[in-house]
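So the sequence shown is numbered by my numbering: it starts at 1435 and just counts up by one. Even glycine gets a Cβ: it sits at the ideal position worked out from N, Cα and C. To start, the structure under review is shown below, and the notes come after it.
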Amino acid sequence: VGNGDALYTPVIADVGSRGVKALSEDLKAAVKTLEEEVDDEGNPIVKELSPNFSKMGTLTVMNLGMYGIKSCAPIVTEPQAAALALGVIENRIVPSEKEDELYKESIMMTATMSLDHRVVDGAVGAQWLAAFKSHVENPTTLLL
1435 VGNGDALYTP
1445 VIADVGSRGV
1455 KALSEDLKAA
1465 VKTLEEEVDD
1475 EGNPIVKELS
1485 PNFSKMGTLT
1495 VMNLGMYGIK
1505 SCAPIVTEPQ
1515 AAALALGVIE
1525 NRIVPSEKED
1535 ELYKESIMMT
1545 ATMSLDHRVV
1555 DGAVGAQWLA
1565 AFKSHVENPT
1575 TLLL
């Protein structure tokens, strides 16, 4: 979550056991906490954040697509195990599977994952990324 010149990564707890609506509400609350406020003279008000605001997570998700960035190599910050960077969603020209077409237009997004290999084996990370890809391509699977 951006706030002026700083970037914060709030922790949203128990993501795997909660619904999309609850997660969205938590994220909106985190954004509201970081919204920049100014005093009567126009100076930014520095807010006190709870120590748990950006600590003790497992996976950082960065949406860089909102800035038009296609891809990036995310850095894993301790004590987390992985970082996932999401790029811009855009139409791209790709090879076609059809014999009578050379290319087609496809809606695509680049997702780049970095892992702390002291915590997560690369094969497990690749399996997680493949499952993520499957869910993004077939979002109804998230509702089941």
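Check: Given Val1528 as reference, the closest of Tyr1537, Ala1565, Ala1564 and Leu1520 once Cα atoms are compared; Outcome: Tyr1537
Check: Residues near Leu1520 by beta carbon distance below 6 angstroms, same chain, minus five either side; Outcome: Asn1497, Gly1499 and Ala1545
Check: Status (buried if at least 16 other CB within 10 Å, exposed otherwise) for Pro1573; Outcome: exposed
Check: Range of the contiguous beta strand (DSSP E) that encloses Lys1538; Outcome: Tyr1537 to Met1542
Check: Per-residue DSSP class, three states only, for Glu1533; Outcome: coil
Check: Whole-Å CB distance - Thr1443 paired with Thr1492, under 8 angstroms assumed; Outcome: 12 angstroms between Cβ atoms; not a contact.
Check: Enclosing beta strand (DSSP E) for Thr1492 [first to last residue]; Outcome: That residue, Thr1492, is in no beta strand (DSSP E); it is neither H nor E in DSSP.
Check: Bridge partners - Asn1525, DSSP secondary structure assignment; Outcome: Ile1541
Check: Residues near Arg1526 by beta carbon distance below 7 angstroms, same chain, minus five either side; Outcome: Ser1540 and Met1542
Check: Rounded C-alpha distance that separates Val1449 from Lys1466; Outcome: 19 angstroms
Check: Proximity below 9 angstroms, CB of Pro1513 to CB of Met1490; Outcome: yes
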